[in-house]
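Residue numbers (the numbering used here): 984 to 1309.
1. Which runs of the alpha helix (DSSP H) fall wholly inside the stretch 1076-1135 and span at least 4 residues, in chain order?
2. With DSSP as the reference, please indicate the residues paired to residue 1035 in a beta bridge.
3. Which term fits residue 1041, buried or exposed, when burial requires 16 or more other beta carbons within 10 angstroms of its beta carbon?
4. Determine whether the beta carbon atoms of residue 1105 and residue 1033 lie at a separation below 7 Å.
5. Pull up the CB-CB distance for residue 1309 and residue 1048, whole angstroms please, since I reckon it's below 8 Å.
6. Report yes if the C-beta of residue 1206 is less than 6 Å from at least one heavy atom of the ligand SAH; otherwise report no.
7. In angstroms with no decimal places, state the Cα-to-Cα distance between residue 1052 and residue 1044.
8. Using only the alpha-carbon positions, how far apart do residue 1190 and residue 1295 sit?
9. What does a CB cutoff of less than 6 Å around residue 1319 pick up in its chain, not counting 5 residues either side in sequence?
10. Give the straight-line distance between the Cα atoms of residue 1173 and residue 1297, rounded to the nearest whole angstrom.
11. Taking the alpha-carbon positions, what's the residue 1267 to residue 1194 distance?
12. Flag this pair as yes or no: are the beta carbons of residue 1128 and residue 1141 separated by less than 7 Å?
13. Starting from the C-beta of residue 1145, find all residues in its chain whose C-beta is less than 7 Å away, skip the five residues before and the five after it, and write them out in chain order.
14. By the three-class DSSP mapping on this structure, what secondary structure does residue 1074 have?
15. Would you decide whether residue 1030 is buried or exposed? Buried here means 16 or more other CB atoms lie within 10 Å of its CB.
16. Quick check: what's the CA-CA separation for residue 1287 versus residue 1168?
17. Need the endpoints of the alpha helix (DSSP H) that residue 1157 sits in, please.
18. Pull up the distance between the alpha-carbon of residue 1113 and that of residue 1055, whole angstroms please.
19. I need the straight-line Cα distance from residue 1221 to residue 1163, nearest angstrom please.
20. What do you get for residue 1207, buried or exposed, if any count of 16 or more other CB atoms within 10 angstroms of its CB means buried?
21. Just how far apart, CA to CA, sit residue 1272 and residue 1159?
22. Do you know how far the Cα of residue 1148 is from the Cα of residue 1182?
23. Which same chain residues end up closer than 6 Å to residue 1252 when comparing Cβ atoms and leaving out the 5 residues on each side of it in sequence?
24. Is residue 1021 helix, strand or coil by DSSP?
25. Roughly how many whole angstroms lie between the Cα atoms of residue 1131 and residue 1270?
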């Protein structure tokens, strides 16, 4: 009796073990301790929450069913006792069963064949500590970078650092997963997180551009449509409504600065038009700052929602809904 899907160089193993015969019932027991190597397909789509089903097929290559027939000792329970299996830190075997069936050749001959089906489950705790937890923490770090002032360029530095570390994790996963035609679940999750991180970098650059507009002298007025949408719609959604108190605060600050400069203060008193232009420029600056703040808060909410959806789909829903039974 040989294995159909063996990977040993020698198909036939010579052994000196002997069979034991029960004289009462005429049964023959042959305990043959051997080490076998088999080959089975691996699907890493749900890695590191994947389950693998490996079949080891055994049967005779010479004698057909009329000469050699395989049967299970226990017909009611084909499962195998797993008490003596050596534990593995990465993989576990929840169950294993025997199946007896016939293999029919082209010429119609039947060969008795037995299949040992092994259910292999990967222990995801190791990858939870080394890959999943750092990825979630990096997402949280990127979220908190949105709470920096809208004009702070450190946001881009944090985003680039997070992106490089996520890329390092993805390379680490690619080196530790077996070759397959499917993309691992954790790899897809990291790709989505890297995409969100890249979009957050683009958004941070755009917010910095809006913030720079407020520093021009004279400050240009923001587009009317942009200002209306920001102040009336997006401001309410992000809970950052526009307040006239900001304009008054900046105008009072400008008046104090003008009063502290005697020469400039006299010019401002003598030239009302110039003073009006400066006040209008300050108001436009406040408008640009408010647009930058609202855009920053809106992008934070979008990033938060997208991150929570990715975590739920890839790390909660998919592993729970995926289960394999023999």
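Where is the CB? At the ideal position from N, CA and C, for every residue including glycine.
On a predicted model such as this, the values are computed, not experimentally measured, just so you know.
Reading off the structure:
1. 1116-1128
2. For residue 1035, the beta-bridge partners assigned by DSSP are 1103.
3. Answer is buried; the Cβ neighbour count reaches 16.
4. yes
5. Wrong, their Cβ atoms sit about 24 Å apart, outside the cutoff.
6. Annotation note on the ligand SAH: not contained in the displayed structure, which lists no ligands.
7. 12 Å
8. Here the alpha carbon of residue 1190 sits roughly 29 Å from the alpha carbon of residue 1295.
9. Residue 1319 is absent from the structure shown; the chain starts at 984 and stops at 1309.
10. A straight-line Cα-Cα distance of about 10 Å links residue 1173 and residue 1297.
11. 12 Å
12. yes
13. 1121, 1124, 1125 and 1180
14. strand
15. buried
16. 21 Å
17. 1137-1159
18. If I take the Cα positions, the gap works out to 43 Å.
19. If I take the Cα positions, the gap works out to 44 Å.
20. Exposure of residue 1207 is indicated by the presence of fewer than 16 other C-beta atoms within 10 angstroms of its C-beta.
21. Roughly 47 Å between the two C-alpha positions.
22. 16 Å
23. Residue confidence is low: residue 1252 scores 47 on pLDDT, short of 50, so the model does not pin down where it sits. No coordinate-derived value is stated.
24. strand
25. 19 Å
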